[in-house]
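Down below is the structure, laid out as structure tokens.
There are 2 protein chains.
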Amino acid sequence: MTTDFNSFFQSAITVDNVIFGFDGQDLKVLLMKRGEIPYMDDWALPGHFVKQEEDLTSAAARILEELTGLRSVYLEQVKTFGKAGRHPMGRVMTVAYYSLININAFEIRPAFIAKKATWFKVSDVLKTSLAFDHKEILVACIDRLKVKVKTQPIGFELLSEKFTLTQLKQLYESVLQHQLDKRNFRKKILSMKILIDLQESQEGVAHRPAKLYSFDSERYNRLIEDGLHFDISYPAMLA
Amino acid sequence: MTTDFNSFFQSAITVDNVIFGFDGQDLKVLLMKRGEIPYMDDWALPGHFVKQEEDLTSAAARILEELTGLRSVYLEQVKTFGKAGRHPMGRVMTVAYYSLININAFEIRPAFIAKKATWFKVSDVLKTSLAFDHKEILVACIDRLKVKVKTQPIGFELLSEKFTLTQLKQLYESVLQHQLDKRNFRKKILSMKILIDLQESQEGVAHRPAKLYSFDSERYNRLIEDGLHFDISYPAMLA
DNA sequence: AATACTTAGTGTACACTGTACGCATTCTTT
DNA sequence: AAAGAATGCGTACAGTGTACACTAAGTATT
């Protein structure tokens, strides 16, 4: 009886992690150069096999930490890819996660530098090809991020603690891939009252310094219970 | 070298399918009574191991067809559950799908009747417990359905080809779990111009018969390209 | 010291649509 | 013929999405 089932226990499971960052200008993704076959020397998403006694989410978090040293960052499961022939080594399913990190607040771990991990502009990567079906995985994660960023306040995860409204707008524009009207964007964000005015200004810029804000997550949670609708999806907020 | 990897190829993958139906009154889900250990005699989601050479999506479709005889119905992957100890037989990941079917247009397959498959009101199931972590899977699928039904015209999948506006409203109410205002709902739906007025009426009802409509998917696709925003998420369309 | 340069920051008018709400209509049943 | 039941329609108001242009506050240059 159990012998029938044994044939099913021959698959491997991997986790691939699309790590997004934002450099103030463009949405970026962290890719690694493969040092082994298959797809030797191609760029790929950071990922690894899930260990026998490891939870899926733990595996995703482990990969992220090994690569960036970061713990407890935003991490979301997106989709599982399981086409029969997608991996030359056997039956391998991969669970795709994406994470949002502050690109300035970490350094790539030494152990991984050997393997060469680099930030790429997402828009550039979309024009190239990646190892395995990683291009498809990336696209799925981008699509999910686009949807999510409009209705959940996760965009802040990509910024530093303190940020300007222009930076925030820039971020939305690079994720959503279209321009937003400055005045309407400010009005909308400020009307939600989920930002803390830090009473500080930018320094070291060659123009009028902008005011700094930070995201007030406690207030956000309170307002959500009162029926706040976080929504940055202006059909015609295009500039 | 390869021996290192062999230890990873010891997992099994299953697909579990949350099959939703709508009886005109309540949202329902199809559950099966387990005929084997573990969880003998408990209610569970229809599911099965994914075969070695089978795509994930194919496996989900196969399970659905074996159980209901239906092909090419709405089927969406939701999430993968992979806690280390979730299955007593070994490492088993399960990929959760949900599907939407017209509850009236099919009959449960004989082969499965032995195992006893029955429709349950979703609201009732949420009060009970299910085999494995199937309760958690069900909740994830319900949550996804709630989100999706507001912005994609998938609700029609649960209805017959011809339906009345009251039936459609009833459907939304049972999925979203709150009442909608009749007049505003009609106005909203009709203003989208995605329904075909069939110029027919209900028959056999003990009151004024309602007009019948059907969903015009071609027109919907055209309108989407022109920027239509399908959205049935009235914050205060509550009655 | 004055000027040019760069980005931050603000307000108003209009149109649209979400929202609330009540009554007449059409068919069946008794 | 009258009562019962669900269908089907319209209007007024408030809120907000949307479009749109100029001044303010700094830095760098001459």
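Residue numbers (this note's numbering), protein chains in the order written: chain A, 846 to 1084; chain B, 846 to 1084.
C-beta atoms are modelled at their ideal positions from N, C-alpha and C, and glycine is treated no differently.
With a contact defined as Cβ atoms closer than 8 Å, F926 (chain A) and I982 (chain A) qualify at about 6 Å. Apart from sequence neighbours up to five positions away, the residues of its chain that approach R989 (chain A) with a beta-carbon distance below 6 Å are V923, ordered along the chain.
Collapsing the DSSP output to three states places H1052 (chain B) in coil. Per the Cβ contact rule, the region 910-922 of chain A is in contact with the region 941-955 of chain A (3 or more Cβ pairs under 8 Å).
Beyond the five residues adjoining it in sequence on each side, I858 (chain B) comes within less than 6 Å, by CB distance, of V895 and M938 in the same chain, given in chain order. In the three-state scheme derived from DSSP, where H, G and I count as helix and E and B as strand, Y884 (chain A) is classed as coil. Residues of chain A with a Cβ closer than 7 Å to the Cβ of V984 (chain B) do not exist; the shortest Cβ-Cβ separation is about 15 Å.
Excluding its 5 nearest sequence neighbours in each direction, R936 (chain B) has C-beta neighbours in its own chain below 8 Å: Q855, S856, A857 and A929, listed in chain order. If you check the CB distance, D861 (chain A) and A962 (chain A) do not come in under 9 Å.
Here F867 (chain B) is near L1004 (chain B), since their CB atoms are less than 9 Å apart.
Following the DSSP letters along the chain, one finds S944 (chain A) inside the beta strand (DSSP E) bounded by residues V937 to L945. Under the three-state reduction of DSSP output, L1004 (chain A) falls in the coil class, being neither helix nor strand. Membership of M1037 (chain A) in any beta strand (DSSP E) is not indicated; the residue belongs instead to the alpha helix (DSSP H) covering K1027 to M1037. Across the set B:G892, B:D1042, B:V863 and B:I1034, the C-alpha of B:V863 shows the shortest separation from the C-alpha of I946 (chain B).
A residue is called buried once 16 or more other Cβ atoms fall within 10 Å of its Cβ, and K873 (chain A) is buried on that count. Take the alpha-carbon of I987 (chain B) and the one of K980 (chain B): they are about 11 Å apart. Rounded to whole angstroms, the Cβ separation of S944 (chain A) and L920 (chain A) is 5 Å, and the two are in contact under 8 Å. A straight line joining the alpha-carbon of D871 (chain B) with that of A976 (chain B) spans about 23 Å.
Here L890 (chain A) is buried, its C-beta having at least 16 other C-beta atoms within 10 Å. Here K961 (chain A) carries a coil assignment [DSSP, helix/strand/coil]. Counted as a single uninterrupted DSSP element, the alpha helix (DSSP H) harbouring V984 (chain B) occupies residues H979 to T996. The beta carbon of L909 (chain A) sits no closer than 9 Å to any beta carbon of chain B. Straight-line measurement puts the Cα of Q1047 (chain B) at about 35 Å from the Cα of V984 (chain B). Check the Cα spacing between Y1058 (chain B) and each of B:I1039, B:K1032 and B:F1075: the tightest is with B:I1039.
S1019 (chain B) is classed as buried because its beta carbon has at least 16 other beta carbons within 10 Å across all chains shown. Between Q1022 (chain B) and F853 (chain A), the C-beta spacing is not below 9 Å. For E1045 (chain A), same chain residues with a beta-carbon under 6 Å away, outside a window of 5 residues either side, are L1057 in chain order. Residue pairing for Y1017 (chain A): DSSP places it in no beta bridge.
Counting only unbroken stretches of 3 or more residues, the beta strand (DSSP E) elements lying wholly within the region 878-937 of chain A are 892-894 and 919-926, in sequence order. Taking a C-beta cut-off of 7 Å against chain B, the contacting residues of the region 913-946 of chain A are Q922, K924, T925, G927, K928, A929, M934, G935, R936, M938 and V940, listed in chain order. The beta carbon of D1071 (chain A) sits closer than 7 Å to no other beta carbon from its chain once the five residues preceding and following it are set aside. In the three-state scheme derived from DSSP, where H, G and I count as helix and E and B as strand, D861 (chain B) is classed as strand.
Taking C-beta atoms as the reference points, L1013 (chain A) and I1034 (chain A) count as a pair closer than 9 Å. Per DSSP, S1046 (chain B) is one residue of the beta strand (DSSP E) stretching across L1040 to S1046. Between R907 (chain A) and H893 (chain A), the gap from beta carbon to beta carbon is short of 9 Å.
In this structure, the alpha-carbon of N1029 (chain A) lies about 21 Å from that of K1007 (chain A).
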